[in-house]
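One structure is given below, encoded as structure tokens.
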Amino acid sequence: MLRWRCERARAASKCCSKKSGSQINDYNFMSLIIGIVAVDRNGAIGKDGAIPWHYSADMKFFREQTTGHACVMGRRTWASLKRPLKERLNIVLSRSGALAATEAENVVSLPDKRSVLALAPYLSCHLYIIGGEQIYKTFQPEIERWIVTQIPLSIDGADTFMPANYLQNFAPQRSLTLADELQVTFYERT
Ligand SMILES: NC(=O)c1ccc[n+]([C@@H]2O[C@H](COP(=O)([O-])OP(=O)(O)OC[C@H]3O[C@@H](n4cnc5c(N)ncnc54)[C@H](OP(=O)(O)O)[C@@H]3O)[C@@H](O)[C@H]2O)c1
Numbered sequence: 087m088l089r090w091r092c093e094r095a096r097a098a099s100k101c102c103s104k105k106s107g108s109q110i111n112d113y114n115f116m117s118l119i120i121g122i123v124a125v126d127r128n129g130a131i132g133k134d135g136a137i138p139w140h141y142s143a144d145m146k147f148f149r150e151q152t153t154g155h156a157c158v159m160g161r162r163t164w165a166s167l168k169r170p171l172k173e174r175l176n177i178v179l180s181r182s183g184a185l186a187a188t189e190a191e192n193v194v195s196l197p198d199k200r201s202v203l204a205l206a207p208y209l210s211c212h213l214y215i216i217g218g219e220q221i222y223k224t225f226q227p228e229i230e231r232w233i234v235t236q237i238p239l240s241i242d243g244a245d246t247f248m249p250a251n252y253l254q255n256f257a258p259q260r261s262l263t264l265a266d267e268l269q270v271t272f273y274e275r276t
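In the numbering used here, each residue's number is its place in the sequence shown (first place is 1) plus 86.
Pasting the structure below:
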């Protein structure tokens, strides 16, 4: 049984109505499906099972954006974490069920996208799609907002990339600059 609740789900899960592709719960919290990613100049996101850069400003930004929400990740991205993401529901997608056993109450493994979408209305928080490549591709049709950090590097030998068209039908809404001159852009579906 899923014991962990998103911070905003204090009052338990009541019936939700569906509007404009978003879930609206009884407390007027509009739950969105949001992709969040850091990409290099060539759209690369990973190399050898890890993120091939380290920017603490972007990690802090990621933590602040996603805390209190649910983070959906593929089994390979899960494997790259040292521990579950704190104060977030960690939803790990795996067809093979190869997820290493964990006692953490904020981790759940699900076998497919349909199960994630079925769980979403009961969470009363945003669903952040946090990667990797396979998971971004899987949720591309459902993602309503992209939050993209541009990494000013070109990684040699990168092996995982964003889909070429992932920002098609999205328009930039606002940008901000993190430390190290990292640029973050929020894109909304048009
Ligand atoms: N730059 C960034 O912002 C960022 C963010 C996240 C990750 N990354 C990087 O991306 C790389 C990993 O990406 P990846 O594409 O190789 O792996 P991934 O997407 O993290 O995980 C792939 C695994 O997820 C499961 N899976 C995939 N699609 C599924 C579906 N539709 N239903 C159920 N399970 C599904 C499968 O697990 P099973 O094999 O167990 O069935 C599959 O092997 C790493 O280098 C990581 O560091 C970068």
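Note that CB positions come from ideal geometry on N, CA and C, so glycine has one too.
Within a Cβ cutoff of 7 Å, which residues of the same chain sit near residue i, ignoring the five residues on either side of it in sequence?
i, result
"residue 107", "Confidence in residue 107 is poor, its pLDDT being 43 and thus under 50, which makes the residue's placement unreliable; the coordinate value appears in the next sentence. Counting only Cβ-Cβ distances below 7 Å, and skipping sequence neighbours, we find 230."
"residue 261", "269, 270 and 271"
What does residue i pair with, by DSSP beta-bridge criteria?
i, result
"residue 236", "125 and 269"
"residue 148", "Residue 148 is not bridged to any residue."
"residue 258", "273"
"residue 263", "269"
"residue 246", "132"
"residue 175", "156"
"residue 231", "120 and 274"
Contact check, residue i vs residue j under 8 Å by CB: the rounded distance?
i, j, result
"residue 160", "residue 221", "4 Å"
"residue 258", "residue 273", "5 Å"
"residue 157", "residue 174", "5 Å"
"residue 214", "residue 131", "About 15 Å separates the two Cβ atoms, so there is no contact after all."
"residue 122", "residue 163", "With a Cβ gap of about 12 Å, residue 122 and residue 163 do not count as contacting."
With burial defined as no fewer than 16 other Cβ atoms inside 10 Å of the residue's Cβ, what is the status of residue i: buried or exposed?
i, result
"residue 145", "exposed"
"residue 182", "exposed"
"residue 136", "exposed"
Which two residues bound the contiguous alpha helix (DSSP H) that contains residue i?
i, result
"residue 48", "Because the chain here runs from 87 to 276, residue 48 falls outside it and cannot be looked at."
"residue 165", "161-166"
"residue 222", "219-225"
Only counting the same chain, and skipping five residues up and downstream in sequence, which positions put a Cβ closer than 8 Å to that of residue i?
i, result
"residue 87", "Only weak support is given to the placement of residue 87: the predicted model assigns it a pLDDT of 43, under 50, and the question is left unresolved by the model."
"residue 31", "This structure cannot speak to residue 31, because the chain is shown only from 87 to 276."
At which residues does the beta strand (DSSP E) containing residue i begin and terminate?
i, result
"residue 201", "Segment 199-205 is the alpha helix (DSSP H) holding residue 201; no beta strand (DSSP E) there."
"residue 209", "Neither: residue 209 is in no beta strand (DSSP E) and is coded neither H nor E."
"residue 196", "193-196"
Near residue i, which residues of its chain fall below 6 Å by C-beta distance, leaving aside the five closest residues on each side in sequence?
i, result
"residue 129", "247 and 248"
"residue 223", "249"
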